[in-house]
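Under this note's numbering, the first residue of the sequence shown carries the number 181, and numbering increases by one thereafter. Where a beta carbon is used, it is the ideal one built from N, C-alpha and C, also for glycine. These numbers were taken from a predicted model, which means no experiment stands behind them. Each remark here refers to the structure printed beneath this line.
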Amino acid sequence: MTAASPTPAQPETLELGYSFCPNDTFIFHALHAGLVPSPLPVREVLEDVQTLNDWATSSRLPITKISYRAYFSVMDRYVALRAGGALGRGVGPLIVTRGEVGDLNGKVVASPGALTTAELLLRMVYPDAQVRRMRYDEVMPATARGEVDAGLIIHESRFTYPQYGLSRHLDLGAWWEGDTGLPLPLGAILVRRDLPAQVQLDLNAAVRASLDYAYAHPQASAAYIREHALEMEDAVMQAHIDLYVNAMSRDVGDEGERAVRELQRRAVAVGAAPASDLPLFVGEALVSGT
181 MTAASPTPAQ PETLELGYSF CPNDTFIFHA LHAGLVPSPL PVREVLEDVQ
231 TLNDWATSSR LPITKISYRA YFSVMDRYVA LRAGGALGRG VGPLIVTRGE
281 VGDLNGKVVA SPGALTTAEL LLRMVYPDAQ VRRMRYDEVM PATARGEVDA
331 GLIIHESRFT YPQYGLSRHL DLGAWWEGDT GLPLPLGAIL VRRDLPAQVQ
381 LDLNAAVRAS LDYAYAHPQA SAAYIREHAL EMEDAVMQAH IDLYVNAMSR
431 DVGDEGERAV RELQRRAVAV GAAPASDLPL FVGEALVSGT
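The following block contains the structure:
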């Protein structure tokens, strides 16, 4: 009598962390819903970006959205996908105030998190600003109440700050573009480096396919995006997607790579991240033959 073959183990489910923001839910809906092929099933874990940044320091999730600033501090454990990130022009964080403030060195600025790209840029422009950290959705109310001299805002806040009686002090994205001539890297999608190289590449393809599906079938993700957009108005929600999802979300491209390397160089120069010679993106080691 022939022995029965062992029952194959159920495939591992990978936790995929991303934010509630419309650009992320737009990109990842099809992957989360199983509408596109994936090398392994994924399960969504939705959190604010600063929480995801913090979790990455302990390698909590195998795939995760993260600020590029935070990525530079966890490169020993993670590598960035070429797809799914947020880079571009006109996408940068803003510094807002209740009125004319002038030089912010020595002033108190509310920040959405120590590991955000936004705070790294603030440090480059105003190295002596006094930072007070809080959750990103608390920054504008605190600034409007006069609890801080200025607020560093990200995400959909760049569309809604006038509702709080606030004025734009500085567009940090415009400052970056003017200083470097490059698009601004904001957020990346990372996979753990200990995953097999082919799985990393297949996950990159799956994220790209998820984005392609979202563009081809915009109504498929509409309810999912709305569910997580809280009280965001429809026009703001769509403006958010239009601004933060672009060609570099499908592939970072040569210009995007140059921008990431320049941001990394500057982060190291100001002591915000350790130097690293590890590949920044999946597939680089395969291409170089190492």
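- Under DSSP, Lys-245 takes part in a beta bridge, and its partners are Ile-369.
- The C-beta distance from Ser-247 to Thr-296 rounds to 5 Å, short enough to meet the 8 Å contact threshold.
- For the pair Trp-355 and Tyr-404, the Cα-to-Cα distance works out to about 34 Å.
- Look at the segment 252-294 and you find these whole runs of beta strand (DSSP E), each 3 residues long or longer: 258-260, 266-268, 274-277, 288-291.
- Comparing alpha carbon positions, the residue from Gly-268, Ser-347, Glu-318 closest to Gly-282 is Ser-347.
- Nearest C-alpha to Leu-352 among Gly-272, Pro-454, Gly-268: Gly-272.
- For Ile-333, the enclosing beta strand (DSSP E) starts and ends at 330-333.
- Residue state for His-209 is assigned as helix, using DSSP reduced to three classes.
- With a beta-carbon spacing of about 7 Å, Arg-303 and Ala-452 fall inside the 8 Å limit used to define contacts.
- Annotated three-state conformation of His-420 is helix, per DSSP.
- Partner residues in the beta bridge of Phe-461, as assigned by DSSP, are Ala-260.
- Around the Cβ of Asp-329, a 10 Å sphere holds 16 or more other Cβ atoms; the residue is buried.
- In this structure, Leu-391 sits near Gly-264, with a CB-CB distance shorter than 8 Å.
- Here Ala-396 has no same chain residue with a Cβ atom under 6 Å from its own Cβ, once five neighbours each way along the sequence are excluded.
- DSSP places Asp-431 outside both helix and strand once states are collapsed to three, so it counts as coil.
- Straight-line measurement puts the Cα of Phe-206 at about 8 Å from the Cα of Ala-402.
- Membership of Gln-310 in the beta strand (DSSP E) is indicated by the continuous run 310-313.
- Distance from the CA atom of Gly-214 to the CA atom of Glu-195, rounded to whole angstroms, is 14 Å.
- Exposed is the label assigned to Gly-286, since fewer than 16 other Cβ atoms lie within 10 Å of its Cβ.
- Contact check for Val-371 and Leu-220: beta-carbon distance about 11 Å, past the 8 Å limit, so the pair fails to qualify.
- Here DSSP, grouped into helix, strand and coil, assigns Ser-390 to helix.
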